[in-house]
Amino acid sequence: MKKTIISLLIFILSSLIVFAEDTFFQYPQAPENLTSLTQRANYVVEHFWDKCNLNSAFSSRAKMTKAFHDYITYMQFASKDTTLLSINKLIKEVQNKPKNMLVLAQIAEETLYGDSAIFWSDELYLQFAKAVSNTKKLSKAEKARYKHHETVLTNSMVSSITPNFKITTPIGKELQFDSITAPAILLFFNDINCTDCRLAKVRLATDINMNILIDRGVIKIVSIHPGDPDEEWIAEASNYPQNWVVGACPDIYDLFDLRTTPAIYQLDDNHKIIAKNLNVDGILNVIGNINF
């Protein structure tokens with residue numbers, strides 16, 4: 004069964020290349036002696052732009068976007084090393100024309116980072132954001148968006164150590180995040196006006212197993228409101244569990260990737276990010292399987 008599925012995937016990948024109509028330029032076709040899906044995808048990704056004149060290709064934004072979408076589709080079957088090498092090669096060839104580099108980053112944002120992305124990939128998109136940030140002949144205004152993306156993704160990637168930041172508690176006390184310690188931390192970014200956030204808060208707050216772990220000092224939930232500690236938030240914060248750390252930080256969007264709301268990060272005792280964009284179902288299922 005597994006071999007059948009792999010063979011089907013290889014056929015689909017080959018068909019996409021051979022039968023694709025109206026492509027902007029000739030896509031590469033993997034040699035017949037490459038038989039595995041990864042090998043064939045690696046070849047296509049490595050040679051994808053060989054037949055593309057990158058000096059003139061950006062004259063058609065729509066066609067270039069379609070080609071980039073296809074490029075990313077093949078990447079999903081390729082190895083990480085091949086993918087990163089291919090992206091770095093593409094950036095190197097485009098970066099000598101700063102305006103083209105900016106357009107490429109915009110296409111990459113739409114494809115890998117934005118709401119309409121084929122899939123989210125912090126690691127891949129970060130390469131394009133960094134490239135714009137490092138392109139000298141672009142203005143500060145043109146770079147600003149991508150410098151911001153570079154900062155928040157660097158801070159928010161799995162295995163990164165979270166930056167320190169200041170939060171204000173409902174009683175007006177200021178805390179440094181670095182002072183908050185526990186073997187495991189759930190960093191729960193939520194907005195008081197967000198319905199999904201309210202539901203997530205209730206489910207986390209009322210889960211028996213979660214509260215056992217909190218009371219034993221195994222887990223600490225740190226709830227962050229991405230806004231000012233105004234009267235509305237202070238009133239709402241009174242409904243949050245007493246065994247949580249609750250605070251507001253209006254500058255948090257400058258530090259973390261908060262594309263989803265709520266956003267839940269899992270940290271270890273050194274504030275290293277273990278996982279991000281967690282959903283409450285997954286968290287509670289894991290905790291529910293712990294043998295108390």
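Just so we're aligned, residue 4 is where the sequence shown starts under our numbering, counting upward by one.
Ideal placement from N, C-alpha and C gives every residue a C-beta, glycine not left out.
Nothing here was measured: the structure is a model prediction, and the numbers come from that model.
query                                                                                                                                                                      : result
Helix or strand or just coil, what does DSSP make of Gln269?                                                                                                               : strand
DSSP beta-bridge partners for Glu35?                                                                                                                                       : Partner(s): none; Glu35 has no beta bridge.
Give the straight-line distance between the Cα atoms of Phe14 and Arg64, rounded to the nearest whole angstrom.                                                            : Low confidence applies to Phe14: its pLDDT is 46, below 50, so where it sits in the model is not reliable, and the reading given next is rough at best. C-alpha separation (whole angstroms): 30 Å.
Checking 9 Å against the spacing of the C-beta atoms, do Asn103 and Phe61 come in under that value?                                                                        : yes
Enumerate in chain order the residues of its own chain whose CB-to-CB distance from Leu37 is below 7 Å, with the five nearest sequence positions on each side excluded.    : Arg43 and Tyr46
Taking the straight line between their C-alpha atoms, what separation do you get for Thr154 and Ala147?                                                                    : 11 Å
Between the alpha carbons of Tyr243 and Val289, how many angstroms are there, rounded?                                                                                     : 23 Å
From Asp272, Lys223, Ala33 and Gln32, pick the residue whose C-alpha is nearest to that of Ser162; which is it?                                                            : Asp272
Hey, Ile121 and Phe191 are a contact pair by Cβ (cut 8 Å); roughly how many whole angstroms apart?                                                                         : Rounded, the Cβ-Cβ distance is 28 Å, inconsistent with contact.
What did DSSP end up calling His274 once you bin it into helix, strand or coil?                                                                                            : coil
In whole angstroms, what separates the C-alpha of Ala108 from that of Ala134?                                                                                              : 8 Å
Does the region 234-243 come close enough to the region 211-219 to have 3 or more Cβ pairs within less than 8 Å?                                                           : no
Going residue by residue through the region 144-209, where are the continuous alpha helix (DSSP H) segments of at least 4 residues, counting only ones entirely within it? : 198-209
Which term fits Ser59, buried or exposed, when burial requires 16 or more other beta carbons within 10 angstroms of its beta carbon?                                       : exposed
Taking Asn167 and Asp181 to be in contact with their CB atoms under 8 Å, please state how far apart those CB atoms are, rounded to whole angstroms.                        : 4 Å
For the alpha helix (DSSP H) containing Ala65, name the first residue and the last one.                                                                                    : Arg64 to Met78
Looking only at C-alpha atoms, which of Glu35, Val248 and Thr165 sits nearest to Asn193?                                                                                   : Val248
Which residues mark the beginning and the end of the alpha helix (DSSP H) in which Val225 is found?                                                                        : Per DSSP, Val225 belongs to no alpha helix (DSSP H); it is in the beta strand (DSSP E), Ile222 to His228.
Report yes or no: do three or more beta-carbon pairs, one from the region 251-266 and one from the region 274-288, lie closer than 8 Å?                                    : yes
Anyone know if the C-beta pair for Thr172 and Gly250 falls short of 9 Å?                                                                                                   : yes
Do Lys223 and Leu189 have their beta-carbon atoms positioned less than 9 Å apart in this structure?                                                                        : yes
Can you say whether Ile286 is buried or exposed, counting buried as having 16 or more other CB atoms within 10 angstroms of its CB?                                        : buried
Grouping DSSP H, G and I as helix and E and B as strand, with all else coil, what is Gly291?                                                                               : helix
Using the C-alpha atoms, what's the distance from Leu93 back to Asn56?                                                                                                     : 12 Å
Rounded to whole angstroms, what's the CA-CA distance from Leu105 to Lys169? Just pull it up for me.                                                                       : 34 Å
Are Lys139 and Pro186 close, meaning C-beta to C-beta below 9 Å?                                                                                                           : no
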